[in-house]
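Participant: The sequence shown begins at 327 in our numbering and counts up by one.
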Amino acid sequence: MSLRIAHVTATFPPYQAGTGIVAYYNAVELVRRGHEVHVFTTDIPGEPREEMLDGVHIHRLVPWAKHGNAALLPQLLTRLRGFDLVHLHLPFYGGVEAVWAFTTMSATPLVTTHHQDVVLPSVLGRLTALHDDFFSRRLMSKARFACFTSRDYAAYSKFGRDDRLNITELPNGVDVRRFSLKPRDERLAVELGIDGQKVVLFVGALDRAHYFKGVHQLLEAVQLLAREDVSLIVVGAGNLREEYWQKAKELGLSERVIFPGFVPDDTLPDYYRLADVTVLPSVTAGEAFGLVLLESLACGTPVIASNLPGVRTVVADGVDGYLVAPGDSADLKSKLEHILNLPGETRHEMGMTGRRKVEARYSWQHIGDLLEGLYIEALKQPAGGRPAHVETGR
């Protein structure tokens, strides 16, 4: 049965953020299974408004208003007509309102994926909380399935504690063919000026929407490490990059920290293979999973990550990586020192263990099978109905 499916997401490639990457691979896997998939997202200057990408119809809509990744798209109300199923990726401030209005007038089945809670301070935090209660929570309660990337994060999230939701686990995935086991690219090490160094890697967006990534704490941990044979590579672009670079200089790390900027998809796996360890030092539960952890493990490189809901489900502590207390630079320094002092063979085996786990649980092909199964179950129900719970997780 071929379906006509709409995905709605605030971000989408080439913008590098987890939610958009997940939406892209979800869509591509569905196309491979014979479905017609349309992605509705926010306009990006310089990118085509309408295009076909890997078999997926991309519609980049011009927002009526925009702030960060929030974008007001009332035109979704009419653009979502004629689909067999709508899949909304949350959070999406400015998009959720139109989808909510659409569901009040249409019997089209809805599936949602909640990628992360939004954690903001003071007045803005209270406003988003009110918005969440009025729109997002109500909308998720209408969904045939309300997906979370892990049951651990669902148990933490304010949304996951809502008894009206039909919660199921749908993990994120990784392209195990692109992120694969290949020899370290020594030419890249020479090009970056770190030949013979131990390498700590961070990969992530460096913009204000991703303030929670913990780059400050990572820089402090590298300073505490006080090892001239260790270099840190911070891969990513955004309006906080200069702030992080100034922080590195203040800490006396200008000779040991490299900011290569945006790294294209075809080159990124080489950075993971170059690293001795990849670090995800996020400081709030705005980080709910950590795609970079899967990418690193798929390349055979062990990881260190903050012990946060959802994130900790990706890392087998002491097996393919280590967990650290969020925001604790001293703990991060200790774990870095430990893993860098391990014999190379031990780190290699940790990475290989992670690779085997990723192949078994987190390939996009596997996630695509789970997602297609959810859609089929959702469509079995009559209008206004709700399918029985389906367990898709591990």
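Glycine included, each C-beta is placed from N, C-alpha and C at the ideal position.
Give the DSSP-derived three-state secondary structure of His385 in the structure shown.
Facilitator: Sequence index remark: in the sequence shown, residue 385 carries index 59 (1-based). It is a strand residue.
Participant: Is it the case that the Cβ atoms of Val526 and Leu491 are separated by a distance below 7 Å?
Facilitator: Indexing the sequence shown from 1 puts residue 526 at position 200. Indexing the sequence shown from 1 puts residue 491 at position 165. Not in contact: Val526 and Leu491 (Cβ atoms no closer than 7 Å).
Participant: What does DSSP give as the partner residues of His692 in its beta bridges?
Facilitator: In the sequence shown, counting from the first residue as 1, residue 692 sits at position 366. Answer is none; His692 lacks a bridge partner.
Participant: In chain order, what residues of the same chain lie with their CB nearer than 8 Å to the CB of Asp488, ignoring the 5 residues before and after it?
Facilitator: One-based indexing of the sequence shown puts residue 488 at position 162. Excluding residues within five positions, the ones whose Cβ falls inside 8 Å are Arg463, Met466 and Ser467.
Participant: Would you kindly report the start and end of the unbroken beta strand (DSSP E) that includes Lys573?
Facilitator: Position 247 of the sequence shown holds residue 573. Counting along the chain, Lys573 falls outside any beta strand (DSSP E), though it belongs to the alpha helix (DSSP H) covering Arg567 to Glu576.
Participant: List the endpoints of the continuous alpha helix (DSSP H) containing Pro595.
Facilitator: Here the question's residue 595 lines up with position 269 in the sequence shown. Run containing Pro595: Leu594 to Leu600, per the alpha helix (DSSP H) assignment.
Participant: Could you work out which residue in Leu411, His440, Asp646 and His415 is closest to Leu705 when comparing CA atoms only?
Facilitator: By 1-based counting over the sequence shown, the position of residue 705 is 379. Checking every option, the nearest Cα to that of Leu705 belongs to Leu411.
Participant: Taking its Cβ as the centre, do 16 or more other Cβ atoms sit within 10 Å of Gly451, making it buried, or is it exposed?
Facilitator: Residue numbering aside, residue 451 sits at position 125 when the sequence shown is read from its first letter. Gly451 comes out exposed.
Participant: Quick check on Val803: buried or exposed, where buried means 16 or more other Cβ atoms within 10 Å of its Cβ?
Facilitator: This structure does not reach residue 803, given that the chain is present from 327 up to 720, and the question cannot be answered.
Participant: With distance defined between alpha-carbon atoms, name the residue in Glu621, Gly653 and Pro435 nearest to Asp596.
Facilitator: By one-based count along the sequence shown, residue 596 stands at place 270. With distances taken between Cα atoms, Asp596 lies closest to Glu621.
Participant: Taking the C-alpha atoms as reference points, what is the distance between Trp571 and Gly616?
Facilitator: Position 245 of the sequence shown holds residue 571. Position 290 of the sequence shown holds residue 616. Taking the straight line from one Cα to the other gives about 23 Å.
Participant: On the three-state DSSP scale, how would you describe Glu517?
Facilitator: Numbered from its first residue, the sequence shown carries residue 517 at position 191. DSSP places Glu517 in helix when its eight states are reduced to three.
Participant: Does DSSP classify Leu579 as helix, strand or coil?
Facilitator: Position 253 of the sequence shown holds residue 579. Residue state, collapsed to three classes: coil.
Participant: What is the DSSP secondary structure of Thr430, reduced to helix, strand or coil?
Facilitator: The residue you call residue 430 lines up with position 104 of the sequence shown. In this structure, Thr430 counts as helix in the three-state DSSP scheme.
Participant: Checking the sheet assignment: what are the DSSP bridge partners for Leu416?
Facilitator: Here residue 416 refers to the residue found at position 90 when the sequence shown is read from its first residue. In DSSP, Leu416 forms a bridge with His440.
Participant: Which residues bound the beta strand (DSSP E) around Ile630?
Facilitator: For this step, residue 630 is matched to residue 304 along the sequence shown. Unbroken beta strand (DSSP E) run through Ile630: Val629 to Ser632.
Participant: I'd like to know if the segment 661-675 and the segment 492-505 are in contact, where contact means that at least 3 CB-CB pairs between them fall below 8 Å.
Facilitator: In short, these stretches do not touch, since the Cβ pair count stays below three.
Participant: Can you look up Met378 in the DSSP assignment and give me helix, strand or coil?
Facilitator: As a position in the sequence shown, residue 378 is number 52, starting the count at 1. The answer is strand: DSSP assigns Met378 an E or B state.
Participant: Identify every residue that forms a DSSP beta bridge with Gly486.
Facilitator: Residue mapping note: residue 486 aligns to position 160 of the sequence shown, counting from 1. Note: Gly486 sits in no beta bridge, so no partner.
Participant: Let me know the alpha helix (DSSP H) ranges lying completely inside the segment 599-686, each 4 residues or longer, listed in chain order.
Facilitator: Qualifying alpha helix (DSSP H) stretches, in chain order: 617-624 and 655-667.
Participant: Bridge partners for Val556 per DSSP, in chain order?
Facilitator: On the sequence shown, position 230 is the one that residue 556 refers to. BP columns for Val556 point to Lys524.
Participant: Would the beta-carbon of Pro339 fall within 7 Å of that of Tyr351?
Facilitator: If you number the sequence shown from 1, residue 339 lands on position 13. If you number the sequence shown from 1, residue 351 lands on position 25. Contact: no.
Participant: So, with DSSP's three-state summary, where would you put Phe461?
Facilitator: The residue you call residue 461 lines up with position 135 of the sequence shown. Three-state result, Phe461: helix.
Participant: What do you get for Glu377, buried or exposed, if any count of 16 or more other CB atoms within 10 angstroms of its CB means buried?
Facilitator: Taking the sequence shown and counting its residues from 1, the one referred to as residue 377 is at position 51. Glu377 comes out exposed.
Participant: What span of residues does the beta strand (DSSP E) with Arg330 cover, start to end?
Facilitator: As a working mapping, residue 330 is identified with position 4 in the sequence shown. From DSSP, the beta strand (DSSP E) with Arg330 extends over Arg330 to Val334.
Participant: Could you check if Thr475 is buried or exposed, using at least 16 other CB atoms within 10 Å of its CB as the buried criterion?
Facilitator: Indexing the sequence shown from 1 puts residue 475 at position 149. Counting Cβ neighbours within 10 Å, Thr475 comes out buried, since at least 16 surround it.
Participant: My output table needs one value for Arg720: the three-state DSSP class, helix, strand or coil.
Facilitator: For this step, residue 720 is matched to residue 394 along the sequence shown. With a pLDDT of 47 at Arg720, under the threshold of 50, the predicted position of this residue should be treated as unreliable, and no value is reported.
Participant: For Val500, which residues does DSSP report across the bridge?
Facilitator: For the purposes of this step, residue 500 is taken as residue 174 along the sequence shown, with counting starting at 1. Beta-bridge pairing links Val500 to Ser689.
Participant: Name the two residues that bound the continuous beta strand (DSSP E) containing Ala472.
Facilitator: In the sequence shown, the residue the question calls residue 472 occupies position 146. Its beta strand (DSSP E) spans residues Phe471 to Phe474.
Participant: Which one of Pro417, Pro607 and Arg513 has the shortest CA to CA distance from Val334?
Facilitator: In the sequence shown, the residue the question calls residue 334 occupies position 8. It is Pro417.
Participant: State the start and end residues of the unbroken beta strand (DSSP E) segment that holds Glu495.
Facilitator: The residue given as residue 495 occupies position 169 in the sequence shown. Ile493 to Glu495 is the extent of the beta strand (DSSP E) around Glu495.
Participant: Can you give the beta carbon distance from Leu679 to Val641, rounded, assuming they're within the 8 Å contact cut?
Facilitator: Taking the sequence shown and counting its residues from 1, one reaches residue 679 at position 353. Taking the sequence shown and counting its residues from 1, one reaches residue 641 at position 315. According to the sequence provided, residue 679 is Thr. The question's Leu does not apply to it. Actually they do not touch by this definition, with Cβ atoms about 11 Å apart.
Participant: Looking at Glu495: is its Cβ nearer than 7 Å to the Cβ of Ser655?
Facilitator: What you label residue 495 is simply residue 169 of the sequence shown in a count that begins at 1. What you label residue 655 is simply residue 329 of the sequence shown in a count that begins at 1. No, the Cβ-Cβ distance between Glu495 and Ser655 is not below 7 Å.
Participant: Cα-Cα, which of Gly499, Arg681, Asp511 and Pro669 is closest to His739?
Facilitator: The requested residue 739 is not part of the displayed model; the chain covers only 327 to 720.
Participant: Using beta-carbon positions only, say whether Leu606 and Gly564 come within less than 7 Å of one another.
Facilitator: Numbered from its first residue, the sequence shown carries residue 606 at position 280. Numbered from its first residue, the sequence shown carries residue 564 at position 238. It is not a contact, given that the beta carbons lie outside the stated cut-off.
Participant: Taking 7 Å as the cut-off, decide whether the C-beta atoms of Ala651 and Asp657 are in contact.
Facilitator: By 1-based counting over the sequence shown, the position of residue 651 is 325. By 1-based counting over the sequence shown, the position of residue 657 is 331. Contact: yes.
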